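One structure is given below, encoded as structure tokens.
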Amino acid sequence: MKIFVDLHIHSSLSPCSSENMTPNNIINMSLLKGLDVIAITDHNTTENCEVCMTLGKEKGLLVIPGMELQTKEEAHFVCLFRDIKDADKFKNLVYDKLPNKKNDPKFFGNQWIFDKDDNIIGENERLLINSVNMSCNEAFKIIERLEGVMIPAHVDKKAFSIIANLGFIPTDMDIKTLEISRKCDENSFTKKYKYLSKYNFIKNSDAHFLGDILERETFLEVEERNIKSILNKLKN
């Protein structure tokens, strides 16, 4: 079956994200845009995933728990998990490796945690947009054990991309899918980087604002509309 997806969306827990990126706003906008599946992928955290999953289930939108991890190489990766339990396991490992630097909301932005009515029930006081003391190889092995999937994010960009920072995909990372930004032309990109043509590509929004969430642009062909089928598709 064909499902329309956007697997890289930030909530207001990411300090660089709009204050309007609340759980209900994200779910409702995704439904208005005709999406079947989204993933919540805040910077180095998963603390707004569960509330979005609950709201999505109530309204008929499948929400995958995820994270945008920033490794020690200063490269970003979209990390997706089978369930909130695995997502939170990985979050705890990331927190152990995240620099203990306090966030300055006036400079970086707020890092809000919400309930299902969009009430602010907490604020993560630790700055989430730092590099974690974990290599991409280390992260891949952990996520592989959790049966999740790790996707190099926006590989066409000149900042926070594994291609920009390393120039290659490590051979010991059995990665099958790369993310490109919504404005990237896949054909032109693979002509420039021929060695990447063996990978599958997915376009996500990396939305920090409601209007940036994808329309029905990116689709996957899967056996069923569930997390297991989607992760299997991205890993194979």
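The sequence shown lines up with residues 14 to 249 when you count with this note's numbering.
All C-beta atoms in this analysis are idealised placements derived from N, C-alpha and C, irrespective of residue type, glycine included.
Owing to the predicted nature of the structure, the values given are computational and were not obtained by experimental measurement.
The beta carbon of Ser-30 sits closer than 6 Å to the beta carbons of His-23 and His-221 from its chain, once the five residues preceding and following it are set aside; these are given in chain order. Closest option to Val-168, judged by alpha-carbon separation, among Asn-213, Ile-243 and Ile-126: Asn-213. With a 10 Å radius around the Cβ and a threshold of 16 neighbouring Cβ atoms, Ile-156 comes out buried. According to DSSP, Leu-82 shares a beta bridge with Phe-90. Inter-segment contact for the region 185 to 195 and the region 118 to 128 is absent: fewer than three beta-carbon pairs are separated by less than 8 Å.
About 18 Å separates the CB atoms of Thr-58 and Lys-129; that is not less than 8 Å, and the two are not in contact. Secondary structure note for Gly-135: its beta strand (DSSP E) is the uninterrupted segment 133 to 136.
With respect to the 8 Å criterion, Leu-141 and Ser-27 are classified as neighbours on the basis of their beta carbons. In the three-state reduction of the DSSP assignment, Ser-201 falls in the helix class, which pools H, G and I. Judged by pairs of C-beta atoms under 8 Å, the region 144 to 155 touches the region 85 to 96, as three or more such pairs exist.
Ile-134 counts as exposed, since fewer than 16 other beta carbons sit within 10 angstroms of its beta carbon.
Secondary structure note for Glu-234: its beta strand (DSSP E) is the uninterrupted segment 232 to 234. Remark: C-beta atoms of Gly-79 and Val-91 approach each other more closely than 8 Å.
Taking the CA atoms as reference points, Lys-196 sits about 19 Å from Leu-233. A distance below 6 Å between beta-carbons, with the five flanking residues on each side excluded, links Met-163 to the following residues of its chain, in chain order: Phe-90, Cys-92, Phe-153 and Ile-156. Take the alpha-carbon of Arg-229 and the one of Gly-180: they are about 31 Å apart. Closest option to Asp-219, judged by alpha-carbon separation, among Ile-240, Asn-239 and Ala-166: Ala-166. For Asn-38, the enclosing alpha helix (DSSP H) stretches over residues 36 to 45. Comparing C-alpha distances from Tyr-206 to each of Leu-223, Ala-177 and Leu-75 shows the shortest one belongs to Ala-177.
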